[in-house]
DNA sequence: ATTTTTTATGCAAGCGCTTACATTTCCAAG
DNA sequence: CTTGGAAATGTAAGCGCTTGCATAAAAAAT
């Protein structure tokens, strides 16, 4: 049963402090425009009544919310956690509140979430990856809400991005795999539909093949949703095919870990019998046995830079531009040369 | 440069559709109270203008936001991810939006976040653990915002909770450790200050000791913040002390994994030389070698139940009550009998 | 055809806050 | 003392939406 105890308003505070609502408002927002003694009376009243300004009213009157929205595909795995944490910390430092929503990799849900965030008055929005219904971008433009795209980097898209070049990063990894002598390569990828990061990574693998004069025909690609179990299942599919690969490149660490796990369960030695690589370098990568060879992404740095950039965009500080985060190869134990047979 | 293209309002839509604002509003909120033909005109206008209702205005006028806020200690590790995902999914199903904020284990920040969420009109709030400044609870009561406490269960506290009994769960684990023959037991715990879940778990270990007629004196406890590296560091402290333990009970899986990793790096065999246990049963637990013996917490179920309960609380559906989630022991490989010396 | 009932729509009053502008107060200088 | 101007405070007009009530239109009953 909701008690009908009424929530105190600005006016209540004003009355309690014996001043006008304008003064109270000023106390809260521009304290130096109010004489010290009055201020004290007001803050006391605020304290006594347990007053919290009503955000909706404030938003209406002031047109700024100091809120940034972020929509990530999932909270379930660690991929976004670290970067987002840094993002949020930096925003907080700058006086912004972060609202996070997850779209579960569903474009439709994402669209809905974006509208929700805008309606909630997000001053700016962080999105993962470029690829989505163009309507969304035009909508955001209509609404006058700046967008920053992260976890990917491209100067060709109209949106500003802070992230890394998925294609190049993956190409570097793939080249290393090839350099080690692998010719039969399997790929466990995320779903490429509507996900430019995934398709970029795929393209990167093909680039590496092409550059080494290898045909991309023998490349067996399994697309699956992200997850440990999915990685394991994809591993099975790959290994139960006619031509067993000697190396498997995975779209991310989570898939790779799943694959390694399954490989070991089935008695394969990694990397002697089968090499497996990941992407992201989440904490887990160092911890599995064998430690995962993967692409290291400086998530913290990315989150930080994204926060700075987006805040500046919101605050209209000159024109921001895209920023590329450099990845590096984390060469560990899960990749080795193929055993001759 | 922000273009001054103005964002369309309800009134613009009304004008475009040739109806009153009231009708537009009804179209959006109670479509069946508007005749089909009018509705079409309105929805078309909404579409054409790219209209999104202003949340602040709505909140002011309607006093309901269909928003639930959740404050978790951290997004950085997987402990809360799974449960929260389930929580959010169920809420979404019921037409609520979830706003997540993380407090980084800082009570002060948490307090601030709570105020922010309330100001933003959260209809209800999810908090982790009971222990916090009582002011917060009375504030929430003043504001008429229902709170649900999760990740812990207690019928003794005034707040409704959905979670598990940390003390009992940990006791069960500790008993198993003792049963295996361990007498020198080390503990790597989270920081117990202001964190009832941590202190409950600690108490659970002592209970187990007491019940088996063992003194709690020899129990060496290291408190540290959660993290892989922290777990590793704590392991060092424990093992470099005079009396080396034969088993280490960790406050959560993350700490345990860190400890295992360090143990192995230092040449200890787990569990032959040293047993290590965790708590939570995050995905990682199955994947490390040796697989972690830990307490399995059905996070998904907990998130789901929390969502249902909190939504009902918000909607005033009778009086909700606390709900206990049953944990179970996940006995795997990181715990074994001590080797005789 | 008229009256009653039902259904669809419009009118307008707020919701709690910010802020431009008006007013009062204070203090220094004349 | 005045007086002028700066500083502090007050007044009141919205911000965009929902909703109770009034009104109009349509349907049903007489």
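Residue numbers (the numbering used here), protein chains in the order written: chain A, 35 to 375; chain B, 35 to 375. Positions of the beta carbon are idealized from the N, C-alpha and C atoms, including for glycine.
Identity of the residues DSSP links to residue i by a beta bridge
| i | result |
| --- | --- |
| residue 184 of chain A | A:162 and A:196 |
| residue 125 of chain A | According to DSSP, which records beta bridges pairwise, residue 125 of chain A is partnered with nothing at all. |
| residue 345 of chain B | DSSP lists no partner for residue 345 of chain B. |
| residue 357 of chain B | B:196 |
| residue 136 of chain A | A:106 |
| residue 363 of chain A | A:329 |
| residue 283 of chain B | B:221 and B:311 |
| residue 256 of chain B | B:222 |
| residue 101 of chain B | B:131 |
Residues near residue i by beta carbon distance below 8 Å, same chain, minus five either side
| i | result |
| --- | --- |
| residue 53 of chain B | 72, 75 and 76 |
| residue 201 of chain A | 234, 235, 237, 238 and 241 |
| residue 87 of chain A | 44 and 62 |
| residue 221 of chain A | 236, 239, 253, 254, 255, 256, 282, 283, 284 and 285 |
| residue 320 of chain A | 326 and 366 |
| residue 307 of chain A | 297 and 373 |
Sequence-distant residues of the same chain with beta carbon closer than 7 Å to residue i, five excluded per side
| i | result |
| --- | --- |
| residue 229 of chain A | 163 and 165 |
| residue 381 of chain B | The first residue shown for chain B is 35 and the last is 375, placing residue 381 of chain B beyond what the model contains. |
| residue 266 of chain B | 292, 293, 295 and 296 |
Environment of residue i [buried if 16+ CB atoms lie within 10 Å]
| i | result |
| --- | --- |
| residue 82 of chain B | exposed |
| residue 231 of chain A | buried |
| residue 245 of chain A | exposed |
| residue 249 of chain A | exposed |
| residue 110 of chain B | buried |
| residue 177 of chain A | buried |
| residue 140 of chain A | exposed |
| residue 299 of chain B | exposed |
| residue 37 of chain A | Here the model assigns residue 37 of chain A a pLDDT of 36, short of 50, so the residue's position is not dependable, and the following value carries that caveat. So residue 37 of chain A counts as exposed. |
| residue 324 of chain B | buried |
| residue 115 of chain A | buried |
| residue 251 of chain A | exposed |
| residue 247 of chain B | exposed |
| residue 362 of chain B | exposed |
| residue 42 of chain A | buried |
| residue 277 of chain A | exposed |
| residue 168 of chain A | exposed |
| residue 301 of chain B | exposed |
| residue 48 of chain A | buried |
Closest by C-alpha distance to residue i, when choosing among the options
| i | options | result |
| --- | --- | --- |
| residue 263 of chain A | A:249, A:290, A:250 and A:128 | A:290 |
| residue 369 of chain B | B:79, B:350, B:181 and B:329 | B:329 |
| residue 50 of chain A | A:80, A:278, A:219 and A:358 | A:80 |
| residue 142 of chain A | A:105, A:113 and A:129 | A:105 |
| residue 84 of chain B | A:172, A:127, A:167 and A:48 | A:172 |
| residue 227 of chain A | A:218, A:309, A:284 and A:259 | A:259 |
| residue 353 of chain B | B:257, B:174, B:343 and B:362 | B:343 |
| residue 333 of chain A | A:57, A:64 and A:117 | A:117 |
| residue 24 of chain B | B:276, B:217 and B:57 | Since the displayed chain B opens at 35 and closes at 375, residue 24 of chain B lies outside it and no answer follows. |
| residue 275 of chain B | B:261, B:254 and B:350 | B:254 |
| residue 21 of chain A | A:225, A:203 and A:145 | This structure gives no information on residue 21 of chain A, because the portion of chain A shown stretches from 35 to 375. |
| residue 10 of chain B | B:174, B:341, B:357 and B:356 | Chain B is shown only over 35 to 375; residue 10 of chain B falls outside these bounds and no answer can be derived. |
| residue 193 of chain A | A:213, A:212 and A:170 | A:170 |
| residue 98 of chain B | B:350, B:198 and B:161 | B:350 |
| residue 214 of chain B | B:96, B:69, B:309 and B:56 | B:309 |
| residue 179 of chain A | A:348, A:359 and A:146 | A:348 |
Own chain residues within Cβ distance below 6 Å of residue i, not counting five before or after
| i | result |
| --- | --- |
| residue 67 of chain A | 60 |
| residue 365 of chain B | 327 |
| residue 316 of chain B | 112 and 287 |
| residue 305 of chain B | 368, 369 and 370 |
| residue 268 of chain B | 222, 256 and 258 |
| residue 314 of chain A | 113, 286, 287 and 331 |
| residue 280 of chain B | 216, 218 and 372 |
| residue 357 of chain B | 196 and 339 |
>> Would the region 333–343 of chain B count as touching the region 110–129 of chain B if we require 3 or more Cβ pairs under 8 Å?
In response: Output reads yes: the region 110–129 of chain B touches the region 333–343 of chain B.
> Should the region 178–191 of chain B be regarded as contacting the region 207–219 of chain B, the criterion being three or more beta carbon pairs within less than 8 Å?
Replying inline: The answer is no - the region 207–219 of chain B does not touch the region 178–191 of chain B, with fewer than three Cβ pairs under 8 Å.
> Just checking, does the region 85–99 of chain A make contact with the region 150–157 of chain B on the three C-beta pairs under 8 Å criterion?
Replying inline: At 8 Å Cβ cutoff, the stretches touch.
> Does the pairing of the region 129–147 of chain A with the region 96–110 of chain A give three or more beta-carbon distances under 8 Å?
Replying inline: Enough Cβ pairs lie closer than 8 Å, so yes.
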